[in-house]
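First comes the structure, then the notes that go with it.
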Amino acid sequence: MLVTDQECRKAWSVQVKTNKKPANFWLVGAHTAKLKSQSHAYVFVNLRKEGRPEFIVASSHHVASHVVVGTSTTGSVWYSFYKKDRHFDGEGWELFGDPHATVEVDAANEPVETLST
Numbered sequence: 000m001l002v003t004d005q006e007c008r009k010a011w012s013v014q015v016k017t018n019k020k021p022a023n024f025w026l027v028g029a030h031t032a033k034l035k036s037q038s039h040a041y042v043f044v045n046l047r048k049e050g051r052p053e054f055i056v057a058s059s060h061h062v063a064s065h066v067v068v069g070t071s072t073t074g075s076v077w078y079s080f081y082k083k084d085r086h087f088d089g090e091g092w093e094l095f096g097d098p099h100a101t102v103e104v105d106a107a108n109e110p111v112e113t114l115s116t
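Counted from 1, the sequence shown has number 116 at position 117 by numbering that gives the first Met the number 0; the numbering is strictly sequential.
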């Protein structure tokens, strides 16, 4: 998924990992521990039978440093990210910045972020 700020000046690639029912971890790919980019993030989702799903937003740097590798009794290797390893106390949407911010440009046509009122 591609996500941008309000002015389409900053973009993030986002991987969404979803559990059909609430769990304490999400499966991720083997490459996750090596994938670190300022512009890449994950949104982990726990669906619920009723009510709003649970969301955890995390940067690729944070997820990469918290990947847990496990091996089953059959020898299968699993890569996981655990809810307890979340970076933020809440859901973490602030990773994408202030949704109420507007971007203005200075004399050199460089973006300057300001808060809208």
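Yeah, the Cβ is synthetic: ideal placement off N, Cα and C, and Gly gets one too. Note that this is a predicted model, so its numbers are computed, not measured.
The shortest C-alpha to C-alpha distance from S58 to any of A22, F43 and G74 is the one to F43. The DSSP-derived three-state label of A22 is coil. Under the three-state reduction of DSSP, V68 is assigned to strand.
If you draw a straight line from the Cα of K33 to the Cα of A63, it comes to about 6 Å. W77: member of the beta strand (DSSP E) spanning V76 to Y81, first to last residue. Looking at the DSSP output, H39 bridges to S12. Taking the Cα positions, W11 is about 29 Å away from V76.
Counting every other CB atom within 10 Å of its CB across the protein chains shown gives T31 a total of 16 or more, marking it as buried. In the three-state scheme derived from DSSP, where H, G and I count as helix and E and B as strand, E93 is classed as helix.
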